[in-house]
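K.L.:
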Amino acid sequence: MSQAPDLPLWAALLVSLLVVAGAGVAFLGSLGLVRLRSFYSRVHAPSLGATLGAGCILIASMICFSVLRSRPMVHELLISLFVTITTPVTLMLLARAALYRDHAEGRTNVPPLPKRRPEGAGPGEGTT
Amino acid sequence: MSALILGWSLTLAQLLLGLAMGCAVLRLLRGPRAQDRILGLDTLYVNSMLLLLTIGMRSGATLYFEAALIIGLLGFVGTVALSKFLMRGEVIE
Amino acid sequence: MEMVLAIGIGIFAGSGVWLLLRPRTYQVIVGLALLSYAVNLFIFSMGRLRVDSPPILKPGSVGDAALIADPIPQALVLTAIVIGFAMTALFLVVLLAARGRTGTDHVDGRES
Amino acid sequence: MRSTLVDHLVILPILLPLAVGAAMLLFDERRRVLKATLSITTLLALLAIAVTLAVFANAVPETDISSIIVYPLGSWPPPFGIVLVSDRLSAMMLVLTAVLGCSAMTYALARWHKAGPRFHTLFLLLIAGLNGAFLTGDLFNLFVFFEVLLAASYGLVLHGSGTARVKAGLHYIPINLVASSLFLVGVSLIYGVTGTLNMADLARLIPALGDQSRTLVEAGAAVLGVAFLVKAGMWPLSFWLPTTYAAACAPVAAMFAIMTKVGVYVILRLALLCFGEDAGASADFGITWLYYGGMATLAFGGIGVLASQSMSRLAGYSVLASSGTLLAAIGTSNSAVISGALFYLASSTFALSAFFLLIELIERGRDAGADVLAVTMEVFGDAEDDAEEEEEEIGIAIPATTAILGGAFVACTVLLAGLPPLSGFIAKFAMLSALINEAGAIPFAHWAFVVLLVGTGLASLIAMTRTGIRSLWVPAEGTLPPVRAVELIPVGALLFLCVAMTAVGGPAMRYMEATAQVLHWPSEYASDVLGTSTTRSMRPATTP
Amino acid sequence: MSDGFLLLVVLTLPFAGSLLAVFLPTNARNTAGILAGGISVTCCAILAWLYFAAPAGVPVWLRLDWLPMLGLDFTLRLDGLAWLFAVLIYGIGTLVVLYARYYMSSEDPVPRFFSFLLAFTGSMAGVVLSGNLIQLVFFWELTSLFSFLLIGYWHHNNTARDGARMALTVTATGGLCLFVGALLIGRIVGSYDLDEILNSGDLIRESSLYAPALVLILLGTFTKSAQFPFHFWLPHAMAAPTPVSAYLHSATMVKAGIFLMIRLWPVMAGTDLWFYLIVPTGLLTLLVGAYSAIFQQDLKGLLAYSTISHLGLITLMIGLGSPLALIAAIFHTMNHAIFKASLFMAAGIIDHETGTRDIRKLSGLYRALPYTGTLAMVAAASMAGVPLLNGFLSKEMFFAEAVADHTGSLLDDSLPYWATLAGVFSVTYSLRFILNVFFGPPAKDLPREPHEPAHWMRFPIELLVLICLLIGIVPNLTVGSPLRNAARSVVGPELPPFSLSIWHGFNLPLLMSVIALCGGIILYMLLRRYLASGVEGPPLVRELKGQRIFEKVLATISWQWARALEHALGTRRLQPQMRLVVALAVVAGLSPFYVRGMVGTGDLAGTPLPPGFALLWAIGIACGIGAAYQAKYHRLAALVLLGGAGLVSCITFVWLSAPDLAVTQLLVEIVTTVLLLLGLRWLPQRIEDVYPTRPPPSVLFRRYADLAIAVAVGASLSFLAYAMMTRPLPTSVSRFFVERAYTEGGGTNIVNVILVDFRGFDTMGEIVVLCLVALTVFALLRRFRPAEESIETPAQQRYQDAFDDAEPDRAPGETIRDYLLIPRLIMLWLFPVIGTFAVYLFMRGHDLPGGGFAAGITLSIGFVVQYMASGTRWVEDHLRVLPLRWMGLGLLTSAFTGMGSWWFGYPFLTSHFQYVELPVIGKVPAASALLFDLGVFALVVGATVLILIALAHQSLRSTRSARAMEGE
Amino acid sequence: MNRILTRILPHPKLFLALLAMWLLMNQSVSPGQILFGALVAFGGAWSMVALQPEPVRLRRPRAMITLAWRVFLDVFSSNFAVARIILRGRDGDRNAGFMTVQLDMTSHYGLAVLSIILTCTPGTLWVNYTSSTGTLLLHVLDLVDEEEWTRLIKERYERLLMEIFE
Ligand code: NA
Ligand code: NA
């Protein structure tokens, strides 16, 4: 394993903190994937990694390279932008697909499919 | 010294991300339903992106950035296709 | 690292081959994909393992082969990846056509 | 480096079909006449180029090797860059490819080129792939061209669609994909040990390898060998072959007659170059396996030929028999046998190609199920009963088409069985004569090979007469097969070549002898290739 | 013209004529006849001229270059023996042509017949005139081939087909044996030249290869000359038109074997092996043939068996090894040819005139055919060995030789008895031929009313019978000289004393002749009743029908056994084949370790293992095994797990310094997922498990075997990879690339410079592969026929549409519109973003990870995203995607960039780069490699999009066809 | 003037965004990169013409900033909230459930941004939106007070979004 880059101590500390925090958040999110019991609950889990986790690590990366190169390196912003835009698309599509599947299979613990007037469309029981 | 700190913390971060990926794969393997597996894959993608970033930081080179960027920008395509397949039974109508 | 990668290659190859020997076309295509991962990693490993030394030069410099990862296996893997992708696509379509024409997904085009 | 013109000529067999094939993608599917004209012109040009290269390769005395042309692509000197190498063997294979290409394409113009989209491009790219495989002097580039020709062949096997073709593709493709994986494993292993991909460089390096490195290189070579043998159709790696060839449409199958020969070519080239007499401790590596494997293939081919109900399967098994013959001949590592085998290679390629074209013409309009019934009747029916009935003793006038088809069929029979007067006999004679005239006592394996060669010839004769009588002599009901002249011309041309090879067997055989002789001087080849200088230092580059 | 060239004319004229006859119109009976006759007569004339012109005792020669390196020169050689046979061939040939002209019906496509006949004549001449043993074999096999065509001339008749096939199979098999025998002789002598061979008698006889060579050659001659037990093909060859029988079974085909034995007699005879191989064979053939001939009911069958018997007689005499016996053999060959030809022709006339050849139906024909009858009687008498006819002379010589002592063995001593017995038989069948056909009450119920045939049809018989008489009466005057010439060319210049006269005084041979004549008459009397009963075939051996046995054996070996073997040694199934390929690869790959000893791990220091990497591969392994486990029942799960495995290998690339690979692998991964999903649409639910409970043991065993193979592959590959990774890198060619990538390739990304410059040719091939696959996919999908179960729209869509339909306020399709409302918007706007990213990847490729391929895939993903978001119709209404154009242009761009270097006189693909100084902007790289990469980019976009879209279009097509079905 | 500009350069905002993206990716603002980036962005903008997206109207930059800040805070805090739920154990999601919200916003872009915001915020998930009725179906991980969530969405986000997009 090669040596990590030589940063000033403050930067190293900051970067380390952010990186570990980010990874920790991502891990927590993924842990949710294992621990939460219903699918619809689990869908929330990856957004931890995609938001705070990614944010921390991307900021860490920005700091790290900006310090290394002695000039602002902010292209990580692009990643955060793209992740922010695309993650909802996937989760949304997935959750809704699951909803329709559950309906098609006649599961009762999901809310009814949309109709024109929301007749008592109250909260459904989200657990299985 | 700072390299050591950074090195250790990056190792720790990689370990944590590895565990995160492990959780995702657990879901991927266990299911029980297709949507769970897809969710696992999506999470796996996000976690790998973060892992790539930590590898990049360790190397001190921005060469690995594009790989992470690809996951960020295009990683969702696979999941979208999978979700749409679940929803509609076909990917492109 | 070498040991881990070697085991990984072996597992991918073994899983791939197991699937290749199965009777269902879909199993075969997944097997081919797994096998190609294994082969790509194998080719890659022929350049030996280097961490943090990608074969990319500093602008204006003459490279030193001793300091960077061997670029040739990487170039070979790139070609292999592309060809592997193409072949997966091809086999997929053939298996679909076979499924349509024979009414079975058995590799021999008939249930045996 | 020689004259510039000839130098660039070497790459044309690859580039010309590639560019024309690509250009045809820009034209609409319906512009058939244009495409046909382009294809035929290209193929004829390729034939001319190939013949020029062969003439050039043969222009020096047999004892001189330096007639090989080395073409360093990108002006990078070997062993670093990819080189194309044209010598007698390559040039001969190019000629064969071009001849087959011309005839199969001509044949296809009658109907088959309309049977699916982009036939011309697929076909020309197949030619490009074949030519590339024959010309390249680089192991990985060989892989790439193998993939090109395989990819084209996948497309062509499926050309015309239909259940049988799709089912055949379902076997053909995965088997070859696995073989390609083996190819990659072998090549990379060899690279990992030797650090080179250039075949000539490899020949230079192998004799000096250390013990453990040698073992690893041999492992790589063995895996590589299995990959090639799958393509060459060695038993027991060849069960996919008859089905695939039988399923392919006629012009494609005719072109496929050279596909197994690519495997054989590579084995011949690499076995003698890298594991020849100069290879030190690795000399003759695997050669025994080749010998016995080849004979097993030959035997299996013969058995299959006898067991075939349909003509196309018979032809497929004949391909195996031909492969087996060649592999076993290489396995003898006897220069005289190999020169005979090279003659046989050319002859059997033409013959099989013609036969594949012919089968379709004969079977056209015939009931497919009739074959099975006829054989069963023949075997189990009581011939005595038929003899009782009074029979008409006036011959029936055969329509010209049938007569021509019949004549061509007889020619094919004679060729496949190795009977006079066509080139099959000369080829077998050359090999048998070399085997029997081996210096010292004739080894047992040689006897076995002799028996197998003769035996498979006999098997072919029996099977071919059986099937020929059934399809050409048994009074057929129904209409005549609609055969067009443009379909008969290529068959005739291929058979004519076989006649020519008999009549002017001398020069042809001399070429083969020189080829075989030169193949046994790997070190000369290597130094010729590696000694090629490039004008790289003068290339117009400005250092930034 | 030299004599040698005259020989060439003699040989080639028939072939030329044959070729010419092919082109004659079907009804040109006379033209073809004149052509064939003219050629035969010309050849006879040339032979006659050569007889007188050429110096005696010295063969006439012609040698042309053919395959000198193989010891095969085209050599023609005419000595006394060859002359005698050549004259028989062409002489009788002329008569047969004349006869055939009248025999063959005018409706017959006679030119074909004459074409085959001429070719056969030429081949026979080739056999006797060859001065090279291989060349002799060459023509030998040709005679088999053309005789096949002649026998099968009436191929609409089953018997003709069977007869032809049998003759070909037997004689060609023998020919192949002869071929090997000839090769052995060549090895012994060191030459195939007949002169040299004939000078190497001692060498041959003393060689260790003498026995195999002799056996092989005799197999050739025995099959050709219909010796027991290979005789059975000959009677069945009678299905041929009678002129063919008359020709093949008198002077030619069957005499080829005799000729060769005589030819090689000087160098191979005289050993015990020769005697004991040939004499018993000849004797058995003589007796079996004669015995069988007696009981034939078919006229031509009788003659056929008598031919067999006479061939046995000749063979026997050759086998005796004495010069006198040999001379007798030559003499009898000649005599037999003459009388047998006439008898066949007579039989042909009978057949022709009465419409049958069945002896049981024929009777008293003398009244209707007095002239033919007389001729037949004379010829038959000659066959029976009646004095004053030629047959008598050679038979007397035979009897004399039978009595003489050769080896002193029991066989030798018993020969006179056997010879007499054969004589008895021959008298019996000759009598039967004459008495049953020409005498007795007039036949009733004949298919036709017999009349004397046209005079010219009878003329050949008259001539032949005349010759019989002439030879029989004045042998010395007529055949003395040619016979001696022929004998000299075999035995040598000094002939043993022998006399060609009718009367040798009262001696043992004469007594044997008398016994034979009387015995024959008595035997005929005894058998009359039996024969009249009309039983088919000879008693005792009736059940032993050669043809039946042959057919059965052939069918068993060449069909049933072959099929069983094919089945046992091969397979038509994929799995066993795959098993073999993989298992053999493992065995082959490991064999060097077995042979050379194990290879240990190398001494390269290992790379320290980060825990993250280990974890990563734990995941990879889980994904790999999971995919293998799930692929059968949970396709989607397997697909997702496969994606996981791909991701792991991608991260591995990043970890191990291969950013380019990671980028490419990731992109390919994404496209592959979409691709497989597009395909999954057409794979209906899996059929139920074949083995719902527990699979049978055989299946279980196969599974374990597969598992073993898989484990073996994995372990071997692991081992190899580990062994390699722990060994230092050799001095590799990559050093050259590393050092020159920037200075000469103009890029800092070495991998990319390799791909577009150093090894650009590989890349070119690679994009061709992609192009080909795309075209194939496109072509295959044009004819795509989905599985029954998947033609309908997927269940999900039906469910959702039904829901929309059922709700009063919703319209079908609203669900999907709502579903995609927001994602579609986002994906739409991503299109230019992805495009920009693709350009970015492309532009930086030469210096940093990226490149044409990655950019191409990226852009095609951009397209696919649009297809997913908005559907095929919508996208194609808005974007004109012309994948084939992209592909064509891409390929051409790459090719032409490579060709650009020709302009400067450099080989293909020689790159050129420089930095262009532009105002404001500064230095801009302008490398030809970039243009090459542009081609790659275009092709990849085109091919990938084509593949994906072709698959996507199937959904459209299926709704279209579903609609069409509803409409009907 | 504006029309002429859109004739030459359609989607100027997209053009600027793409240019920015280009420069960010290349991490350079050299004239060469700007020129080339502009070229690429120009092509990108034109490619969007073919796809004919609904026109976007963006107003009130202040509202945008306010919204961004709110979202940032919410995402941050939600992360902790969800983390806590996950750490709570096996039945950490016992309060999870679906709820519906009646939206007044009709702008598709506004809805898109709202969906992004809600989905990005851990703990809330945009599940379904029925355009004909304007009903949004959400899944909330900690659904204790449904009113509270409705208020949050409608007042904290929807209002601002409507200001920006409508
Ligand atoms: Na005796
Ligand atoms: Na959320």
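Residue numbers (numbering that gives the first Met the number 0), protein chains in the order written: chain L, 0 to 127; chain F, 0 to 92; chain H, 0 to 111; chain W, 0 to 543; chain R, 0 to 967; chain X, 0 to 165. Note that the Cβ used here is the ideal one computed from N, Cα and C, for glycine as well. Here the structure is a predicted model, which is why all the values come from computation and not from measurement.
Quick one: does residue 905 of chain R have its CB under 7 Å from some CB of chain W?
P.N.:
True, the Cβ-Cβ gap to chain W drops below 7 Å.
K.L.:
Find the residues of chain W that neighbour residue 94 of chain H, judging by a C-beta separation of less than 8 Å, and give them in chain order.
P.N.:
Neighbours of residue 94 of chain H on chain W, chain order: 169.
K.L.:
Between the segment 179-186 of chain W and the segment 794-803 of chain R, are three or more C-beta pairs nearer than 8 Å?
P.N.:
Contact fails: fewer than three Cβ-Cβ distances are below 8 Å.
K.L.:
Strictly under 7 Å for the Cβ-Cβ distance: is residue 24 of chain F near chain R by that measure?
P.N.:
Yes, contact with chain R.
K.L.:
Looking at the C-beta of residue 34 of chain L, does it have a partner C-beta in chain A at a distance below 7 Å?
P.N.:
Here the protein chains are L, F, H, W, R and X, and chain A is not one of them.
K.L.:
Take the Cβ of residue 496 of chain R as the centre, count every other Cβ of all protein chains shown within 10 Å, and call the residue buried at 16 or more, exposed below.
P.N.:
Exposed.
K.L.:
With 7 Å as the threshold, decide whether the Cβ of residue 23 of chain L is near any Cβ in chain R.
P.N.:
Answer no: the Cβ-Cβ gap between residue 23 of chain L and chain R never drops below 7 Å.
K.L.:
Look at the Cβ atom of residue 336 of chain W, then the Cβ atom of residue 233 of chain W, and state whether they are nearer than 7 Å.
P.N.:
It is not a contact, given that the beta carbons lie outside the stated cut-off.
K.L.:
What are the boundary residues of the alpha helix (DSSP H) that includes residue 522 of chain W?
P.N.:
Residues 521-529.
K.L.:
To test your reading of the DSSP string, which unbroken alpha helix (DSSP H) runs of 4 or more residues are found completely within the segment 153-201 of chain R?
P.N.:
The segment 153-201 of chain R contains these whole alpha helix (DSSP H) runs: 157-188 and 193-197.
K.L.:
Excluding five sequence neighbours on each side, which residues of the same chain lie with their C-beta closer than 6 Å to the C-beta of residue 123 of chain R?
P.N.:
So the qualifying residues of the chain are 88, 142 and 251.
K.L.:
Taking buried to mean at least 16 other C-beta atoms within 10 Å of its own C-beta, is residue 517 of chain R buried or exposed?
P.N.:
Under this definition residue 517 of chain R is an exposed residue.
K.L.:
Measuring straight from C-alpha to C-alpha, what distance separates residue 554 of chain W and residue 327 of chain W?
P.N.:
Lying outside 0 to 543, the shown extent of chain W, residue 554 of chain W is not represented and no answer is given.
K.L.:
At the level of alpha carbons, what is the spacing between residue 69 of chain F and residue 63 of chain F?
P.N.:
So the two alpha carbons sit approximately 10 Å from each other.
K.L.:
Counting C-beta neighbours from all protein chains within 10 Å, is the total for residue 535 of chain R 16 or more, i.e. buried, or is it exposed?
P.N.:
Exposed, by the Cβ-count rule.
K.L.:
What residues from the segment 58-82 of chain F come within 9 Å of chain H, judged by C-beta to C-beta, listed N to C?
P.N.:
If the cut-off is 9 Å between Cβ atoms, the segment 58-82 of chain F has 58, 59, 60, 62 and 63 near chain H.
K.L.:
Can you pull out the residues from the segment 21-33 of chain H whose beta carbon lies closer than 8 Å to at least one beta carbon of chain W?
P.N.:
Listed in sequence order: 24, 27 and 31.
K.L.:
Could you say which of R/566, R/728 and R/583 lies nearest to residue 193 of chain W if we only look at CA atoms?
P.N.:
Checked all of R/566, R/728 and R/583; the closest Cα to residue 193 of chain W is R/728.
K.L.:
Counting contacts by CB-CB distance shorter than 7 Å, is residue 6 of chain F in contact with chain R?
P.N.:
Chain R, which has no Cβ nearer than 7 Å to the Cβ of residue 6 of chain F, makes this no.
K.L.:
Are the C-beta atoms of residue 45 of chain F and some chain L residue less than 7 Å apart?
P.N.:
It does; some Cβ of chain L falls within 7 Å.
K.L.:
For the beta strand (DSSP E) that residue 968 of chain R lies in, which residues bound it at each end?
P.N.:
Here chain R has residues from 0 to 967 only, and residue 968 of chain R is not among them.
K.L.:
Measuring only the C-alpha atoms, how far is residue 458 of chain R from residue 242 of chain R?
P.N.:
Roughly 14 Å separates the two Cα atoms.
K.L.:
Counting only beta-carbon separations shorter than 7 Å, does residue 839 of chain R have a partner in chain L?
P.N.:
With 7 Å as the cut-off, residue 839 of chain R does not count as an interface residue toward chain L.
K.L.:
Run down chain R in chain order and give the residues with a C-beta less than 8 Å from the C-beta of residue 158 of chain W.
P.N.:
Ordered by position in chain R, the residues that pass the 8 Å Cβ test against residue 158 of chain W are 778.
K.L.:
Tell me which residues share the same chain as residue 467 of chain R and place their Cβ nearer than 8 Å to its Cβ, disregarding the 5 neighbours each side in the sequence.
P.N.:
Counting only Cβ-Cβ distances below 8 Å, and skipping sequence neighbours, we find 334, 337, 338, 341, 377, 378, 381, 388, 389 and 390.
K.L.:
Going along the chain, which residues of the segment 29-63 of chain L sit with their C-beta nearer than 8 Å to a C-beta in chain X?
P.N.:
Residues passing the 8 Å Cβ filter: 30, 31, 34, 35, 36, 37, 39, 40, 42, 43, 44, 46, 47, 49, 50 and 51.
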